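Counted from 1, the sequence shown has number 507 at position 40 by the working numbering; the numbering is strictly sequential.
Note that beta-carbon positions come from the ideal geometry of N, C-alpha and C, so glycine has one too.
Bear in mind that the values here come from a model prediction, so they are computed numbers and not experimental data.
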Amino acid sequence: MSQHTPPGQMAPHVPADLYQRAQATGQPVVFVVHDITPASFPWQRLLIPFAIAGAAALGTWGVVAALCWLMHVAAHTATVIAGAAGPIGAGGITLKLFSKK
């Protein structure tokens with residue numbers, strides 16, 4: 468409310484009983500206006516989505532790398548087991564997976 472506001476009119480957010488009490492006792496009415504307009508571009512609005520997207524991308528690459536490592540270990544384990552077992556036979560058909568030199 469400014470100094471040019473006619474008596475009896477007030478801002479809608481001011482409680483009427485407080486305003487009328489101040490007018491009756493002669494106390495001044497003080498309005499504090501908080502200006503929260505940012506001075507520059509709000510970088511937080513831009514950085515938070517990029518941080519989330521970056522974390523998701525890194526997490527996805529981590530999962531891919533872990534799966535590749537797991538498949539590598541599984542293939543190596545299968546190779547070692549097949550090499551140690553020797554020829555594999557089933558129903559009269561023998562399959563020799565690896566030849567020993």
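- With a cutoff of 8 Å on beta-carbon distance, Ala-489 and Val-496 are scored as near each other.
- For Thr-492, the uninterrupted alpha helix (DSSP H) segment begins and ends at 483-492.
- In this structure, Asp-484 is the residue among Val-499, Asp-484 and Phe-498 with its C-alpha nearest to the C-alpha of Thr-492.
- Collapsing the DSSP output to three states places Ile-560 in a strand.
- A direct Cα-Cα distance of roughly 56 Å separates Ile-503 from His-539.
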